[in-house]
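K.L.:
So the sequence lines, in the order shown, correspond to chains L, C and V.
Residue numbering for the first sequence follows my numbering, beginning at 58 and increasing consecutively.
Residue numbering for the second sequence follows my numbering, beginning at 132 and increasing consecutively.
Residue numbering for the third sequence follows my numbering, beginning at 882 and increasing consecutively.
Questions regarding the structure given below will be posed in turn.
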Amino acid sequence: MKQLIAGAALALMSLTGTAMAEDYPDRPVMMMVSYGAGGATDFQARIVTMTAGNEDALGMPIAIINKPGAGGRVGWNWFATQADNDGYTLAAYNVPHFIAQSIKGGVSYSTDSFEPIANWGADPAVFVVAKDSPFNSMADVVAYATENPGKLTFSGAGLFVGHHIAALQIEKASGVKMAYIPTKGGGAAAMKAVIAGEVLGGVNNLSDAFRAREAGNVKILGVADLERSAFLPDVPTMMEQGLDVDNSSVNFRGVMVPKGTPQEVIDRLAATVPEMFANGRVAKKMKAGGSPMHIMTREEVKEMWAQRQATLEELLQGL
Amino acid sequence: MNRSTQHIFGAGVVFLVGLWITWVSYTQQPAEAFLFPRLISSVFVVLAAWTFAKALMGRSKVGDGLNRHQIIGLVPGVLVMAIYVFWAAKTFGFYTATTVTVFILISLYDPAPHTNPRVWAKRALITACFMAVMYGLFALLLKVYTPREILF
Amino acid sequence: MEFIYYFGDVFAPMSFLLLLIGTIGGLILGATPGLSPTMAVALLIPFTFQLEATQGLILLGAAYTSTVAGGAVSAILLKIPGAPANIATTLDGHTMAQRGEGAKALQLSFLSSAVGGIFGVFLLIFLTPVLAQWALAFGPSHLFWLAILGVTVIGSLDSASVVKGLLSGCIGMWLATIGFDDIMGAQRFIFHPSLGGGINIIAALIGLFAIPQVLTMFAKGRHNKGAEVIKVQKHSIGAAIRELVSRPLALGIGTITGSIIGLIPGVGGQIAGLVAYDQTKKFSSEKEKFGKGHPEGVIAAESANNAMVGPSLVPLLTLSIPGSPTAAVLLGGLLIHGIFPGSDLFDNHPDVAWTFINSMLIGQVLMCLFGLYVAGLAARVAQVPQSVMAAIVLALSVFGAYSVQSSMGDVYVMACLGLMMYFLERFGFSAAPLVLGLILGPIAESNFIQGSMIANATDGRSAYFFGGALNMALIAVVLASIAYSVWMELRSRRHTTKEEAQA
């Protein structure tokens, strides 16, 4: 009888015991996306993790869990405060979103709450107008805003997300006041407002704007990045049009784990995940969907986060 | 408690909740974010006051309240449910906790006599079949990763 | 008529097999508590990685149509609405099942789903360009008035007392404000960490509808005196078809309301069923039977929520804007194969576009046939003893609420809301208006705030919210709806006082 109990106890311990780093992962891994199913982040997260189950990657599938709400705050708050830090709970990050929100306050996370693993994509913000709009360049937009201060309405996916940062930078660079209208329902709702003529213009993701232009619904006036995009070689950057807007609003998407995850697990992930992103099938699907890839390792991401933290603190000062 | 006292109590609780949310809505900052809660809570508190006043006058028309038999029936089930949902499910893992809970609930509310061993066997069989279906549906087909602590 | 040309593709062996899998799988997924059509489609996306674009979309299209209908199964048999679309179905459907008419309720729900669904897909096929303009016409101010129109329905929905109905609606709207406010990001009423993410609508639905039912079974106690064994009546399919044909008003109102409302981005799918139910009740000659197991309630609700499927895809397919969460997931399914919805889809990939649409059409028929086939069998669920039923529904609720976002917090919220709702129901409050408030609150709020921001930057609030033909038309409908409710209330009050005087 004693032996039986001891055996049962042993079996239980081996079942419930913490996972050792060498056999990590020995069960499916969960990845939290703080935007709704079907959004750009969700869509890309599903593609870049589709090869996770391969032997040369993690050897275990990654399941996507959506926790949308309040521009990502709901999901990241949950991740910082309630997620297990055993390496089986990953999350997608969106920079500058979560950094800007943590600077603004009212959330329980900051760059110190998370450990970056790797970056998979970079989606610049672009300025779009409806196809029948009189505006044909950023200069037209700025001219209208100068004549009608505060009356140029333009949509974006919320406050303290990449679109809002781009909007703030455009306002700052042109020195005129415009009316930024945050929409509920993410980039898709912001794009609908532009196409339906509810607003005069909008800031949106390059990937979504590219698609909307292909569908013949919008004109893209400028890219808020340092260089022109390979998807839109004919669209000039903001800088080329004389607006001092850098790449601070570029939406970097990648994977992170909560603080306190065992170092061996972080190292294992940091070594494997960028390779997983580099898989040829992933690249093909991402390209087909019009989503620009930009793979960065853990060290590069750490540097990028620190840099963004500094720029955003300066930009959001006094807001 | 008779029906009208129960109504006073029920409407009173709703009214207190109304007062509380109104107070929170009008005191919290930033004011812009509480614009809508203010609107809702104002209507809420007026309607709740009306309901409460009607209950006080003994003129609540709808709703039967609870009688003694119902309360006696409810108490064990609610206790088992509370232990299951708020503690056991996470502590023992979903499947273990659910197996135990389903078996207890079936046994508690089955009118068949408890002395008959065949009745117990039937209850165990029902529990086992149901859990097999749940495991197949959620764990195997849908691959939902529920908390697992003991066994599966 | 281009779509007929591509019909052959749907019947290719592999495609038809996928269509069958999608339909049957969709019904099962839809009937599982906690799995909304959006999640069911999202679950299937990984499978489409391996398939060709056309085949992948056949799977998704069939699954979408049948999950919406599948939600009616758990709504009728267990009183757990699978998605907001099925709330109205529980009101009469579950009462019918409890009376032993489950087979009839299920047959009617599948038949009216198919009629509504096919009508909706035909709208999508023939009127897409017109509909696209209509979908775009709804700006923030119009959506705000539409939400207010929904609020006016609250008072008359499934409650004997108008004041308590409105109060239930207020409770729902308040619950919806819990969590982070979506635009400012401010924290509101978060008094427990489980509420940090707000109240998830699916988890709330499970709690508000299923848990009170579990508790009602508990309250009957162990020796359920006088509880007779329910006889599950057999009901022939022919009789169900005759029943459906004899109630053209419910079917017509349901289908048309569903198609029109389903088209409006961001609002449609969730409230189409409830609005259609309410409208049918107002126009029906047998108003008093609604909520007590009236077939018209099931017909209206189910024809509406499936009629919405086709039109809800119009903004996606023509303008590349997903109008609903499910459409957003379908967009992902298209993008993975490098197909951009919009003119590109119909010009360069007509085979994909039309096969997808055809698969929804055939999917409706298959769903209906399969549903009718299992209806008689499924209705036997009503014979399960109360003790077993209570335990099963409780376990399903917990699993369902958890699987929405893999979150224990949602399970706690579900259970607390359920307990609260049970006691509220004892005092004459009801779940349907509360849920309607929960859905409409955020729509009204976000559109009001967004509209105000636009209005402040342009021509002022009153001009923005009261100007334009569409605004005026919506306001007129709101006023008419209120006037109608007041009139009905006064009339019924006069009747009761007369009766009281006579007594």
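Note that CB positions come from ideal geometry on N, CA and C, so glycine has one too.
1) Give the interface partners of Ser1205(V) over in chain C, defined as CB-CB distance under 7 Å, in chain order.
2) Kindly confirm or deny that the stretch 922–929 of chain V and the stretch 1221–1229 of chain V touch, where touching means at least three C-beta pairs closer than 8 Å.
3) Does the stretch 1169–1186 of chain V touch the stretch 983–1002 of chain V, meaning 3 or more C-beta pairs lie closer than 8 Å?
4) Would you list the residues sitting across from Leu1250(V) in a DSSP beta bridge?
5) In terms of residues, what are the limits of the alpha helix (DSSP H) holding Glu321(L)?
6) Have a look at Ile1145(V), Leu1319(V) and Ala984(V) and flag the residue whose alpha-carbon is nearest the alpha-carbon of Leu1194(V).
7) With a 10 Å radius around its C-beta and 16 neighbouring C-beta atoms as the bar for buried, classify Asp234(C) as buried or exposed.
8) Run through the DSSP bridge pairs and tell me what Ser212(L) is partnered with.
9) At 9 Å on the CB atoms, spell out the chain V contacts of Tyr276(C), in chain order.
10) Nearest to Gln1286(V) by alpha carbon, out of Leu278(L), Thr294(L), Met87(L) and Pro82(L)?
11) Give me, in chain order, the residues of the same chain whose beta-carbon lies closer than 8 Å to that of Val186(L); leave out the 5 immediate sequence neighbours on both sides.
12) Once DSSP output is grouped into helix, strand and coil, what is the label at Gly1107(V)?
13) Starting from the C-beta of Lys985(V), find all residues in its chain whose C-beta is less than 6 Å away, skip the five residues before and the five after it, and write them out in chain order.
14) Can you find a CB in chain L that lies within less than 8 Å of the CB of Ile1087(V)?
15) Identify the residues that DSSP records as bridge partners of Asn123(L): which are they?
16) With distance defined between alpha-carbon atoms, name the residue in Ala1325(V), Val1002(V), Ala1067(V) and Glu1370(V) nearest to Gly1032(V).
17) Report buried or exposed for Gly1257(V), applying the criterion of at least 16 other Cβ atoms within 10 angstroms of its Cβ.
18) Between the C-alpha atoms of Phe1237(V) and Leu1056(V), what's the straight-line distance to the nearest angstrom?
19) Hey, out of Val358(L), Val330(L), Trp362(L) and Gly317(L), whose CA is closest to Phe136(L)'s CA?
20) So, is Tyr145(L) buried or exposed, given that buried needs 16 or more other C-beta atoms within 10 angstroms?
21) Pick out whichever of Trp1235(V), Ile1330(V), Pro1010(V) and Ile1273(V) has its Cα sitting closest to the Cα of Gly889(V).
22) Listing by chain order, which chain V residues have their CB less than 9 Å from the CB of Gly194(C)?
23) Identify every residue that forms a DSSP beta bridge with Gly1060(V).
24) Are Gly207(L) and Lys234(L) touching if we call contact CB-CB under 8 Å?
25) Under 8 Å, do Thr168(L) and Trp362(L) count as touching if we go by C-beta distance?
26) List the whole-angstrom C-beta distance separating Ala1016(V) from Gly1204(V), where the pair is believed to meet the contact cut-off of C-beta under 8 Å.
27) Let me confirm a value: Gly1107(V) is counted as buried when at least 16 other C-beta atoms fall within 10 Å, else exposed. Which label applies?
28) What separation, rounded to the nearest whole angstrom, lies between the Cα atoms of Arg1372(V) and Ser896(V)?
29) Taking buried to mean at least 16 other C-beta atoms within 10 Å of its own C-beta, is Leu910(V) buried or exposed?
30) Asn123(L) and Phe309(L) look like a contact to me (Cβ under 8 Å); what is the Cβ gap, rounded to whole Å?
31) I'd like to know if Ser135(C) contacts chain V, where contact means its C-beta is closer than 8 Å to some C-beta of that chain.
32) Using 8 Å as the threshold, is the C-beta distance between Leu899(V) and Ile939(V) below it?
33) Under the assumption that Val1044(V) contacts Thr182(C) (Cβ atoms under 8 Å), give the Cβ distance between them as a whole number of angstroms.
34) Determine the direct distance from the alpha carbon of Ala184(C) to that of Gly143(C), and round the result to whole angstroms.
35) Between Leu147(C) and chain V, is any beta-carbon pair separated by less than 8 Å?
36) Quick check on the burial criterion: 16 or more other C-beta atoms within 10 angstroms. Buried or exposed for Pro1093(V)?
P.N.:
So, to answer that:
1) Sequence index remark: in the third sequence, residue 1205(V) carries index 324 (1-based). Residues of chain C passing the Cβ test: none, with the nearest at roughly 22 Å.
2) no
3) yes
4) Start at 1 with the first residue of the third sequence, and residue 1250(V) comes out as number 369. None, per the DSSP bridge assignment.
5) Locating residue 321(L) in the first sequence gives position 264, counting from the first residue. That run of the alpha helix (DSSP H) goes Gln320 to Phe334.
6) Here residue 1194(V) is taken as the residue at index 313 of the third sequence, counted from 1. Answer by Cα proximity: Ile1145(V).
7) Here residue 234(C) corresponds to residue number 103 of the second sequence, with the count starting at 1. For clarity, residue 234(C) is Phe in the given sequence; the question names Asp instead. Its Cβ being crowded by 16 or more others within 10 Å, Phe234(C) is buried.
8) The sequence position of residue 212(L) within the first sequence is 155, counting from 1. Partner(s): Ile238(L) and Gly259(L).
9) Numbered from 1 along the second sequence, position 145 holds the residue referred to as residue 276(C). Those are Ser1287, listed as they occur along chain V.
10) Taking the first residue of the third sequence as position 1, residue 1286(V) is located at position 405. The option with the nearest alpha carbon to Gln1286(V) is Met87(L).
11) Here residue 186(L) refers to the residue found at position 129 of the first sequence. Within the same chain, Val186(L) has close Cβ partners Phe192, Val198, Val251, Leu257, Gly258, Gly259, Val275, Lys276 and Leu278.
12) Counted from its first residue, the third sequence places residue 1107(V) at position 226. Note that Gly1107(V) scores 46 on pLDDT, short of 50, meaning its location in the model is unreliable; the coordinates nonetheless yield the value given after this. Residue state, collapsed to three classes: coil.
13) For the purposes of this step, residue 985(V) is taken as the residue at position 104 of the third sequence. His1116, listed in sequence order.
14) The sequence position of residue 1087(V) within the third sequence is 206, counting from 1. Taking Cβ atoms only, chain L never reaches closer than 8 Å to Ile1087(V), which makes this a no.
15) The count along the first sequence starts at 1 and reaches residue 123(L) at position 66. Answer by DSSP bridge pairing, in chain order: Val90(L).
16) Numbered from 1 along the third sequence, position 151 holds the residue referred to as residue 1032(V). Inspection of the sequence shows that residue 1032(V) is occupied by Val rather than by Gly. Residue Ala1325(V) is the option with its Cα nearest to Val1032(V).
17) Taking the first residue of the third sequence as 1, we reach residue 1257(V) at position 376. Classification for Gly1257(V): buried.
18) The residue given as residue 1237(V) occupies position 356 in the third sequence. The residue given as residue 1056(V) occupies position 175 in the third sequence. Straight-line Cα distance between these residues: approximately 39 Å.
19) As a first step, residue 136(L) is located in the first sequence; it is residue number 79 there, counting from the start. Measuring from the Cα of Phe136(L), the nearest candidate turns out to be Gly317(L).
20) Translated into positions along the first sequence, residue 145(L) becomes position 88. Classification for Tyr145(L): buried.
21) Along the third sequence, one-based indexing puts residue 889(V) at 8. When only C-alpha atoms are compared, the closest one is Trp1235(V).
22) Residue 194(C) sits at position 63 when you count from the first residue of the second sequence. Neighbours of Gly194(C) on chain V, chain order: Ala1041, Ser1042, Lys1045, Leu1305, Glu1306, Arg1307, Phe1308, Gly1309 and Phe1310.
23) Position 179 of the third sequence, counted from the first residue, corresponds to residue 1060(V). Gly1060(V) is bridged to Arg1069(V).
24) As a working note, residue 207(L) is residue 150 in the first sequence. As a working note, residue 234(L) is residue 177 in the first sequence. Against a cut-off of 8 Å, the Cβ pair of Lys234(L) and Gly207(L) comes out as a contact.
25) Taking the first sequence and counting its residues from 1, one reaches residue 168(L) at position 111. Taking the first sequence and counting its residues from 1, one reaches residue 362(L) at position 305. Yes.
26) The count along the third sequence starts at 1 and reaches residue 1016(V) at position 135. The count along the third sequence starts at 1 and reaches residue 1204(V) at position 323. The pair is a contact, with the Cβ atoms about 6 Å apart (cut-off 8 Å).
27) Translated into positions along the third sequence, residue 1107(V) becomes position 226. Reliability of the predicted coordinates at Gly1107(V) is poor, the pLDDT of 46 falling under 50, and no value is obtained from them.
28) Locating residue 1372(V) in the third sequence gives position 491, counting from the first residue. Locating residue 896(V) in the third sequence gives position 15, counting from the first residue. Arg1372(V) and Ser896(V): Cα-Cα distance of roughly 57 Å.
29) By 1-based counting over the third sequence, the position of residue 910(V) is 29. Label assigned to Leu910(V): buried.
30) Here the question's residue 123(L) lines up with position 66 in the first sequence. Here the question's residue 309(L) lines up with position 252 in the first sequence. Wrong, their Cβ atoms sit about 20 Å apart, outside the cutoff.
31) The residue labelled residue 135(C) in the question sits at position 4 within the second sequence. Judged by the 8 Å Cβ criterion, Ser135(C) is not in contact with chain V.
32) Along the third sequence, read from residue 1 onward, the residue named residue 899(V) stands at position 18. Along the third sequence, read from residue 1 onward, the residue named residue 939(V) stands at position 58. Contact: yes.
33) As a position in the third sequence, residue 1044(V) is number 163, starting the count at 1. As a position in the second sequence, residue 182(C) is number 51, starting the count at 1. Contact holds; Cβ gap of about 6 Å.
34) To locate residue 143(C), count along the second sequence from 1; it is residue 12. To locate residue 184(C), count along the second sequence from 1; it is residue 53. The alpha-carbon atoms of Gly143(C) and Ala184(C) are separated by roughly 9 Å.
35) Translated into positions along the second sequence, residue 147(C) becomes position 16. Chain V contact via Cβ: absent.
36) Counted from its first residue, the third sequence places residue 1093(V) at position 212. Pro1093(V) is buried by the Cβ-count criterion.
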